[in-house]
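Contents: one structure, followed by commentary.
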Amino acid sequence: MKAHSSPDVHMDRQRTQLILPGQIIALRDIGLSIRAIAHQLGVLPRTVSKLIQRWEETGNLTYLARRPRSRVTTTQEDECIRQAAEENPFTNAVAIRDELQLNVSNETVRRRLHEAGMHHRSGMVMNNQVPASKERLTDQHRAARLAFARQYISEGLDFWSIVLFSGEKTFASTNHGQIHLWGQNNTRYVKIPSFMVMLKPINSI
Numbered sequence: 001m002k003a004h005s006s007p008d009v010h011m012d013r014q015r016t017q018l019i020l021p022g023q024i025i026a027l028r029d030i031g032l033s034i035r036a037i038a039h040q041l042g043v044l045p046r047t048v049s050k051l052i053q054r055w056e057e058t059g060n061l062t063y064l065a066r067r068p069r070s071r072v073t074t075t076q077e078d079e080c081i082r083q084a085a086e087e088n089p090f091t092n093a094v095a096i097r098d099e100l101q102l103n104v105s106n107e108t109v110r111r112r113l114h115e116a117g118m119h120h121r122s123g124m125v126m127n128n129q130v131p132a133s134k135e136r137l138t139d140q141h142r143a144a145r146l147a148f149a150r151q152y153i154s155e156g157l158d159f160w161s162i163v164l165f166s167g168e169k170t171f172a173s174t175n176h177g178q179i180h181l182w183g184q185n186n187t188r189y190v191k192i193p194s195f196m197v198m199l200k201p202i203n204s205i
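So that you can map any letter, position 135 of the sequence shown is 135 in full-length UniProt numbering, and since no number is skipped, the others follow by simple counting.
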């Protein structure tokens, strides 16, 4: 049989269930090494090693499918995790886990929120909303800016010497310039109740 230089793991598993166990044991009985058996049959050395070990320990070569890992949270707990994030968007995985007294990792809580279609975002509060991300310039925006620049391109130094440039600047009255919260996917903004905004007071000029 022609050896494969890079045997596919999935195909290797299928062949293991059908015909390889007997061939592996037969080749071992005539003195071939694990590496030699793997090379001749075109399988992974670890496959050969595991089958030989199973044969020596149990006398059984039947392939035992790996059982899927059981879920550590119930459907009710998953729903409680989602509700906790919706009721308090400023919360985090640690707080949710402690509040619900869940015996799971912080990463498990985050995975349940992601499964529920929620993701973490950060940003500044504007009109009781937090944008999903900084708004990207469109072709229309660029055209408007170019038109504005061309409108004043011929003005001289006397004109520009009396122009005051200003822009929007946001100041936070706390140590947190941005807030972090959970929100539903595919939403441009997350709406925040007024009483929650007061927890992170921010003033814009």
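Just so you know, even glycine gets a beta-carbon here, dropped at the ideal spot from N, CA and C.
Buried or exposed by the 16-neighbour rule on C-beta atoms within 10 Å, applied to residue i
i, result
"T47", "buried"
"R97", "buried"
"A147", "exposed"
"I153", "exposed"
"V43", "buried"
"I162", "exposed"
"L41", "buried"
Three-state secondary structure assigned by DSSP to residue i
i, result
"F148", "helix"
"N49", "One detail in the question is off: residue 49 reads as Ser in this sequence, not Asn. Here S49 sits in helix by DSSP."
"L102", "coil"
"V109", "helix"
"T138", "coil"
"I37", "helix"
"P21", "helix"
"I30", "coil"
"T75", "helix"
"T91", "coil"
"F165", "coil"
Distance between beta carbons of residue j and residue i, contact taken as under 8 angstroms
i, j, result
"A85", "L113", "6 angstroms"
"P21", "I34", "Actually they are not in contact, since the Cβ atoms of P21 and I34 sit about 14 angstroms apart, beyond 8 angstroms."
"A93", "V72", "Not confirmed; about 14 angstroms, so no contact."
"I52", "I30", "That belief does not hold up - the Cβ atoms of I52 and I30 are roughly 13 angstroms apart, past 8 angstroms."
"R28", "I19", "That belief does not hold up - the Cβ atoms of R28 and I19 are roughly 15 angstroms apart, past 8 angstroms."
"residue 283", "R82", "Because the chain spans 1 through 205 in this model, residue 283 falls outside it and cannot be assessed."
"R54", "N60", "7 angstroms"
"L100", "E79", "Their Cβ separation, rounded to whole angstroms, is 11 angstroms, which puts L100 and E79 out of contact at 8 angstroms."
Short CB-CB distance (under 8 angstroms) between residue i and chain D
i, result
"R69", "Chain labels in this structure do not include chain D; a single protein chain is all it has."
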